[in-house]
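Enquirer: I'd like to ask you about the structure that follows.
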Amino acid sequence: MHISPFSILLSLPHLLTLVSAAANPIGPNPNSKRGLVYVPSKDHPEDDNIWIQSGSPLTWYYNYESKPSPRLEGGPTKLQFVPMLWGDYDNTFVQDVKGLVDQGYDIEYVLGFNEPDISANEGTGGSGIAPEAAAARWKESIEPLAEMGIKLGAPSVTGAPSGLEWLKAFFAACESCTFDFVPLHWYGNFDGVASHLGTYSAAFPNMTFWLTEFALAHEDVAPSQEFFNLTMEYFDRLDNVGRYSWFGSFRSDVSNVGPNSALLNQDGGLTYIGAWYLNKNENEAASITGKGSSDASVLGVSAIKSFGVTVFVAVLVSWIL
Ligand SMILES: *[C@@H]1O[C@H](CO)[C@@H](O)[C@H](O)[C@H]1NC(C)=O
Ligand SMILES: *[C@@H]1O[C@H](CO)[C@@H](O)[C@H](O)[C@H]1NC(C)=O
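So the sequence shown is numbered by UniProt numbering: it starts at 1 and just counts up by one.
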């Protein structure tokens, strides 16, 4: 049978899809737990394409806001949006979420307040709410969503011991409230986060936890990568970890947790952990960027460099000849 070289060319995109789907260094693809804590870049909006390229294992995202981020909504990979009510202020959270559901968004979960146990005045990202005030706001602005079948994530406290005290006081003040899972933040080493999860599991038996911010901040490359690998394996394996999102999804030169925790390098290419987070081989890391409008330019150029494609194409060519 005669097969023209042209038909080989035609089948290449299909091959690339097959091979890139097979190159999964870490975890399943797609990964129902793995998501994105979205920190957009004003200077480099094109970086967003990287998270939603086809074959991305990511399945969900949050952006600390009640409304989705348009730049993450149009990609080949669809991420489920998880709205958050960040702090204690007048809001239209319930209406916003209902509006999204009416528009056809798959809103399965929402998140409560962000780091309410630390002050909003210190520039640290805390929303600084007293447990009683948080309970009152919860009843008014979050609890009504439970009636719609939406699952509610408790306020995400910091990893400090005072975070647990805050959460216990909040649960006591919000006794009749619904909590389906508890989001946690952690900045520290692996033993620390494992022990942190143990503490919370003991305090709240049978609860599901989400790790919505975590990293080994301001460390060297080797311990950062080791921490990354250990946490991925651990969180993928544990039944009481519902979801997780690594911090963070930004370039190394603007990272506030040190350059070695960033998923992107200073040029917008993936770092090694960025590649692993997206189930890609580190050899193709830096060449995968969000630049270029077509998905093929994101995946194709990098994938063709990978060992797997070379072998696959070589086998195919020898079979044809
Ligand atoms: C946890 O769940 C198990 C199995 O469903 C149940 O037997 C146990 O009573 C629960 N424990 C608590 C403290 O809710
Ligand atoms: C982390 O995992 C990647 C991908 O599986 C592997 O290539 C790398 O050697 C691992 N590094 C450490 C320190 O475990």
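We treat Cβ as the ideally placed atom computed from N, Cα and C, and that holds for glycine.
#1: Under 7 Å: does the beta carbon of Ile-26 sit that close to some heavy atom of ligand 2?
#2: Looking at Glu-219 and ligand 2, is the gap between the Cβ and the nearest heavy atom below 7 Å?
#3: Less than 8 Å between the C-beta atoms of Tyr-244 and Lys-33, yes or no?
#4: Going by C-alpha distance, which of Val-94, Val-39, Tyr-38, Ala-136 is nearest Glu-175?
#5: Note down, one range per segment and in chain order, each alpha helix (DSSP H) of at least 4 residues found wholly within the segment 56 to 142.
#6: In angstroms, rounded to a whole number, what distance separates the CA positions of Arg-237 and Pro-28?
#7: Does the segment 41 to 59 touch the segment 284 to 291, meaning 3 or more C-beta pairs lie closer than 8 Å?
#8: Going by the C-beta, is Glu-132 closer than 7 Å to any heavy atom of ligand 2?
#9: So the beta strand (DSSP E) Pro-183 belongs to, where does it begin and stop?
#10: Taking Cβ to Cβ, would you say Thr-212 is nearer than 8 Å to Gly-242?
#11: Which residue's Cα is closest to the Cα of Glu-58: Gly-104, Thr-199, Asp-43, Val-37?
#12: Would you grab the beta carbon distance between Thr-199 and Leu-164 for me? Rounded to a whole angstrom, and I think it's under 8 Å.
#13: From this set, Ser-54, Leu-79, Gly-74, which residue's C-alpha is nearest Gly-35's C-alpha?
#14: Spatial neighbours of Ser-195 within its chain, please: CB distance less than 8 Å, with the 5 preceding and 5 following residues excluded, ordered by chain position.
#15: DSSP state of Gly-290, grouped into three classes?
#16: At a threshold of 7 Å, does Asn-229 count as lining ligand 2 (C-beta to nearest heavy atom)?
Expert: Looking at the coordinates:
#1: If you number the sequence shown from 1, residue 26 lands on position 26. The answer is yes for Ile-26.
#2: In the sequence shown, the residue the question calls residue 219 occupies position 219. The answer is no for Glu-219.
#3: In the sequence shown, residue 244 corresponds to position 244, counting from 1. In the sequence shown, residue 33 corresponds to position 33, counting from 1. Result yes, Cβ atoms of Tyr-244 and Lys-33 sit closer than 8 Å.
#4: As a working mapping, residue 175 is identified with position 175 in the sequence shown. Comparing Cα-Cα distances from Glu-175 to each of Val-94, Val-39, Tyr-38, Ala-136, the minimum goes to Ala-136.
#5: 93 to 102, 131 to 141
#6: As a position in the sequence shown, residue 237 is number 237, starting the count at 1. As a position in the sequence shown, residue 28 is number 28, starting the count at 1. In a straight line, the C-alpha of Arg-237 is about 11 Å away from that of Pro-28.
#7: yes
#8: Start at 1 with the first residue of the sequence shown, and residue 132 comes out as number 132. Checking every heavy atom of ligand 2 against the Cβ of Glu-132, none is found closer than 7 Å.
#9: Counting from 1 along the sequence shown, the entry for residue 183 is found at position 183. First-last of the beta strand (DSSP E) with Pro-183: 181 to 187.
#10: Locating residue 212 in the sequence shown gives position 212, where the first residue counts as 1. Locating residue 242 in the sequence shown gives position 242, where the first residue counts as 1. No.
#11: Here residue 58 refers to the residue found at position 58 of the sequence shown. Per the sequence presented here, residue 58 reads as Leu, with Glu not at that position. Closest option to Leu-58, Cα to Cα, is Val-37.
#12: Within the sequence shown, numbered from 1, the residue matching residue 199 stands at position 199. Within the sequence shown, numbered from 1, the residue matching residue 164 stands at position 164. At roughly 7 Å, the Cβ-Cβ gap stays under 8 Å, so Thr-199 and Leu-164 are in contact.
#13: Here residue 35 refers to the residue found at position 35 of the sequence shown. The shortest C-alpha separation from Gly-35 is found at Leu-79.
#14: Within the sequence shown, the letter at position 195 stands for residue 195. So the list is empty, once near-sequence residues are dropped.
#15: As a position in the sequence shown, residue 290 is number 290, starting the count at 1. If DSSP states are grouped into helix, strand and coil, Gly-290 belongs with coil.
#16: For the purposes of this step, residue 229 is identified with residue 229 of the sequence shown, where counting begins at 1. Result yes, Cβ under 7 Å from ligand 2.
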